[in-house]
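Worksheet: one structure, shown below.
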Ligand code: ADP
Ligand code: ZN
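In my numbering, the protein residues as written are 125 to 803.
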């Protein structure tokens, strides 16, 4: 029997476990009942796939969606694993093949929809097939109070009792109620070994922006990421359609998705998104659980999500492969009012509504945050990390000012008009506008009339939005959305507390679009495109999604480390033995082809001594790309830097470090100096 670590490398092509995976894999291999809660993209599937290969017999995997099962089976087969699925979507040959594998004992993983458990023969069949482990994906589907409840999941507990084998359950939903329900329904209330992994998704960049010209904001965000797969979540069905059209006008491939579409049309969009490289889907939240694509490079919210949990789940669909991913969430005063109204007018009991307001407040706090977004987000989940350096507020700190005075003016305007008006009229009062409404109601004689002239109308709008974001004012559905003060505002009104507001979101948000982030350096970009083109061609020939061949993270590493032999190629993360055999040579050819084209920086040195030095520096760098022992993080200097190093006049450690920086000097310094001193 091979060890887990060997299989990890040979079959899946990974050098190391992700945080948390190792412990879970150990427990599952040992045959413990386990419950693992990991964020989306954390790598849950590996935690049952790998033990299934180590353990004798068959592992049956219960999974809620046929599309997810087929993808996993396809991925496993591409890695050389005997896996199959029994679903209603099977062809006769597929089903026959699964049966053969079960009878002759070669099948290791059998995927099955929960509906199958309803048929009497299934239990007996699984027993006879020698099932030794049950894995349950998306285990929260057993929760009757959740959105994804699947009645047939309730049969799993019975299956476990009948087969008397260990069960491993996986979910990304972490709230305590759901967890308890899983333990009760799947484990008969016997506490399994439980693993709760941190919620951070460090490769996802977080950003919020106040709505200014929302459509333009989304279009420019997408334009900066042309050719990358993305999702735009919209608040309404109509907006998914208009925004998709606008994106197509902007030269993108885009289509829309919402719950009002025919089932067949929805499936078509799901399939296209899964298979195509660079499709944008504008969607309502109906586009959800079935989205398992690992290489979604960005997620934008054209409207504010419902709660902090929804936000986390929706942005979490980006970057499951661990490669960089970007998000942008737009919000405005109207969104806040809309979400409040939705809660107030919903049918939930009062305590539930209060809790929902709390979840919305947590999201608004994040939207109006003054410091690191990730700290804010993770503190909601009970974690306490340092500032992340990978969100809009870490990139560019918020400009704040003491907003106590204007906030008190605004509160006073609301109170003196008996809390019967919306922001528009209150702002007119503060600015001393001469409207009919003001004259008719005699509001020009109020003490607050015209006291707010230090701020412009758009600035007041931003102040009101932030006040709603801090839950100082709430629209009252029984008063047609008139703003009413909440208890949170009392200390400010009484002069017992002050409040800081953001100045930059008061100024035009137009320039605040996130800057374009390249996935690789300029030098490596052409090679990455060439590798992607090869991947697309292979995927089309095989009729499957591109990431089944290699995911983005693997291609990025290939572009950066440029392996020249199959041995070097095998060291790239995500290249297992089977994939090396199937695709290794094809990708090596692409890399070799690219290498023949002389880099422009190198061409400039042609015919000079520095040209030869450059080539030797490049060779020295290739040796040390992954450090002395070949296990370090891949690093390479850009061609422009190497050209400068090659032309260094009086090479010594200091001059070199100034040029390439400490980190690079540590890895390459000695080797480069050897080259330079020999030249
Ligand atoms: P989840 O089900 O938790 O959302 P998946 O099982 O789909 O996540 O894994 C997400 C991605 O992470 C996949 O593309 C998978 O290949 C990759 N992955 C899983 N484990 C590792 C690992 N140890 N090293 C590198 N990549 C991994
Ligand atoms: Zn941050």
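Cβ coordinates follow ideal geometry from the N, Cα and C atoms, glycine included. Quick caveat: nothing in here was measured; it's all calculated off a predicted structure.
Let me know if residue 586 comes out buried or exposed under the rule of 16 or more other beta-carbons within 10 Å of its beta-carbon.
-> Position 462 of the chain shown, counting from 1, holds the residue named residue 586. With 16 or more other Cβ atoms from the protein chains shown falling within 10 Å of its own Cβ, residue 586 counts as buried.
Residues in its own chain within less than 8 angstroms of residue 633 by CB, not counting five upstream and five downstream?
-> Counted from its first residue, the chain shown places residue 633 at position 509. Residue confidence is low: residue 633 scores 41 on pLDDT, short of 50, so the model does not pin down where it sits. No coordinate-derived value is stated.
Have a look at the DSSP bridge pairing and note the partners of residue 453.
-> Here residue 453 refers to the residue found at position 329 of the chain shown. Per DSSP, 332 and 425.
Would DSSP call residue 634 helix, strand or coil?
-> Within the chain shown, residue 634 is the residue found at index 510, counting from 1. Residue confidence is low: residue 634 scores 43 on pLDDT, short of 50, so the model does not pin down where it sits. Its coordinate-derived value is still stated next. Look at residue 634 here: in three-state DSSP terms it is helix.
Helix, strand or coil: how does DSSP classify residue 626 here?
-> As a position in the chain shown, residue 626 is number 502, starting the count at 1. Of the three classes helix, strand and coil, the one that applies to residue 626 here is strand, per DSSP.
Residue interval of the beta strand (DSSP E) (run including residue 236) | By one-based count along the chain shown, residue 236 stands at place 112. For residue 236, the enclosing beta strand (DSSP E) begins and ends at 233 to 236.
Using alpha carbons as the reference points, say which of 392, 423 and 399 lies closest to residue 198.
-> As a first step, residue 198 must be located in the chain shown, where it is residue number 74. Taking only the C-alpha atoms, the option nearest residue 198 is 399.
Residues that residue 317 bridges to, as DSSP identifies them = If you number the chain shown from 1, residue 317 lands on position 193. DSSP, once it has assigned bridges, lists 158 as partnering residue 317.
Enclosing beta strand (DSSP E) for residue 255 [first to last residue] = Translated into the one-based positions of the chain shown, residue 255 becomes position 131. Taken as a continuous stretch (DSSP letters only), the beta strand (DSSP E) holding residue 255 covers 255 to 260.
State buried or exposed for residue 273, treating a residue as buried only when at least 16 other CB atoms are found within 10 Å of its CB.
-> For the purposes of this step, residue 273 is taken as the residue at position 149 of the chain shown. Flag for residue 273 reads exposed.
Using the Cα positions of residue 717 and residue 782, report the straight-line distance between them to the nearest angstrom.
-> Here residue 717 refers to the residue found at position 593 when the chain shown is read from its first residue. Here residue 782 refers to the residue found at position 658 when the chain shown is read from its first residue. Near 33 angstroms, if we compare the C-alpha coordinates of residue 782 and residue 717.
Would you identify the three-state DSSP class for residue 138, choosing helix, strand or coil?
-> Locating residue 138 in the chain shown gives position 14, where the first residue counts as 1. Of the three classes helix, strand and coil, the one that applies to residue 138 here is coil, per DSSP.
Could you check the C-alpha separation between residue 280 and residue 241 for me, to the nearest Å?
-> Translated into positions along the chain shown, residue 280 becomes position 156. Translated into positions along the chain shown, residue 241 becomes position 117. Rounded to the nearest angstrom, the two C-alpha atoms are 8 angstroms apart.
In or out: residue 696 buried (at least 16 other Cβ within 10 Å) or exposed?
-> As a first step, residue 696 must be located in the chain shown, where it is residue number 572. Its Cβ being crowded by 16 or more others within 10 Å, residue 696 is buried.
Does the Cβ-Cβ distance between residue 311 and residue 349 come in under 9 angstroms?
-> What you label residue 311 is simply residue 187 of the chain shown in a count that begins at 1. What you label residue 349 is simply residue 225 of the chain shown in a count that begins at 1. No, Cβ-Cβ distance for residue 311 and residue 349 is not below 9 angstroms.
Residue from 712, 401 and 437 with nearest C-alpha to residue 420 | Looking up residue 420 in the chain shown gives position 296. If we check each option's Cα against that of residue 420, 401 comes out closest.
Looking at the structure shown, is residue 177 part of a helix, part of a strand, or coil, going by DSSP?
-> In the chain shown, the residue the question calls residue 177 occupies position 53. In the structure shown, residue 177 sits in a helix (DSSP, three-state: H, G or I).
Just grab the DSSP bridge partners of residue 230 for me.
-> For the purposes of this step, residue 230 is identified with residue 106 of the chain shown, where counting begins at 1. Bridge partners of residue 230: none, in fact.
Output the distance between the C-alpha atoms of residue 131 and residue 590, rounded to the nearest integer angstrom.
-> On the chain shown, residue 131 is found 7 positions in, with the first residue counted as 1. On the chain shown, residue 590 is found 466 positions in, with the first residue counted as 1. Approximately 53 angstroms, taken between the alpha carbons.
Taking all protein chains shown into account, decide if residue 677 is buried (16 or more other Cβ within 10 angstroms of its Cβ) or exposed.
-> Position 553 of the chain shown, counted from the first residue, corresponds to residue 677. Result: buried.
In angstroms, rounded to a whole number, what distance separates the CA positions of residue 668 and residue 210?
-> Taking the chain shown and counting its residues from 1, the one referred to as residue 668 is at position 544. Taking the chain shown and counting its residues from 1, the one referred to as residue 210 is at position 86. One C-alpha to the other measures close to 19 angstroms.
Note down, one range per segment and in chain order, each beta strand (DSSP E) of at least 3 residues found wholly within the segment 555 to 601.
-> Within the segment 555 to 601, the complete beta strand (DSSP E) runs of at least 3 residues are 597 to 600.
Apply the 10 Å Cβ neighbour rule to residue 569 and answer buried if 16 or more other Cβ atoms are within range, or exposed otherwise.
-> One-based indexing of the chain shown puts residue 569 at position 445. Per the 10 Å Cβ criterion, exposed.
At least 3 beta-carbon pairs within less than 8 angstroms: the segment 169 to 181 vs the segment 226 to 235 | By the C-beta criterion, the segment 169 to 181 is judged to be in contact with the segment 226 to 235, since at least 3 inter-stretch pairs fall below 8 angstroms.
Nearest-angstrom beta carbon gap, residue 577 and residue 555 [assumed within contact, 8 angstroms] = Here residue 555 refers to the residue found at position 431 of the chain shown. Here residue 577 refers to the residue found at position 453 of the chain shown. Their Cβ separation, rounded to whole angstroms, is 6 angstroms, which keeps residue 555 and residue 577 in contact under 8 angstroms.
Assigned secondary structure, residue 403 (DSSP; H/G/I helix, E/B strand, else coil) | On the chain shown, residue 403 is found 279 positions in, with the first residue counted as 1. Assignment of residue 403 by DSSP, reduced to helix, strand and coil, places it in the coil class.
Could you tell me if residue 290 is buried or exposed, where buried requires 16 or more neighbouring beta carbons within 10 angstroms of its beta carbon?
-> Along the chain shown, one-based indexing puts residue 290 at 166. When all chains shown are included, residue 290 counts as buried.
Nearest-angstrom Cβ-Cβ length linking residue 432 and residue 483, presumed shorter than 8 angstroms | As a working mapping, residue 432 is identified with position 308 in the chain shown. As a working mapping, residue 483 is identified with position 359 in the chain shown. Residue 432 to residue 483, Cβ: 6 angstroms. Contact.
DSSP state of residue 183, grouped into three classes?
-> Working through the chain shown from its first residue, we reach residue 183 at position 59. Secondary structure of residue 183 (DSSP, three-state): strand.
Of all the options 515, 598 and 486, which has the alpha carbon lying nearest to the alpha carbon of residue 539?
-> Position 415 of the chain shown, counted from the first residue, corresponds to residue 539. Taking only the C-alpha atoms, the option nearest residue 539 is 598.
Local Cβ density within 10 Å of residue 635, reported as buried at 16 or more and exposed below that = Reading the chain shown from its first residue, position 511 is the one you call residue 635. Because residue 635 sits at a pLDDT of 42, beneath the cut-off of 50, its placement in the model cannot be relied upon, and the following sentence gives the value as read from the coordinates. Only exposed fits residue 635, as fewer than 16 other CB atoms lie within 10 angstroms of its CB.
Secondary structure, beta strand (DSSP E): runs of 3+ residues fully inside the segment 327 to 372 | With a minimum length of 3 residues, the continuous beta strand (DSSP E) runs that stay inside the segment 327 to 372 are 332 to 334 and 354 to 357.
When 753, 443 and 680 are compared against residue 650, the one with the closest alpha-carbon | Here residue 650 corresponds to residue number 526 of the chain shown, with the count starting at 1. Of the residues 753, 443 and 680, the one whose Cα lies closest to the Cα of residue 650 is 680.
Extent of the continuous beta strand (DSSP E) run through residue 294 = As a first step, residue 294 must be located in the chain shown, where it is residue number 170. Residues 291 to 295.
Stretch-stretch touch, CB-based, cutoff 8 angstroms, three pairs: the segment 461 to 481 with the segment 319 to 326 | The segment 461 to 481, when compared against the segment 319 to 326, does not touch it at the 8 angstroms Cβ threshold.
Does the beta-carbon distance from residue 594 to residue 623 come in below 9 angstroms?
-> By one-based count along the chain shown, residue 594 stands at place 470. By one-based count along the chain shown, residue 623 stands at place 499. Going by C-beta atoms, residue 594 is nearer than 9 angstroms to residue 623.
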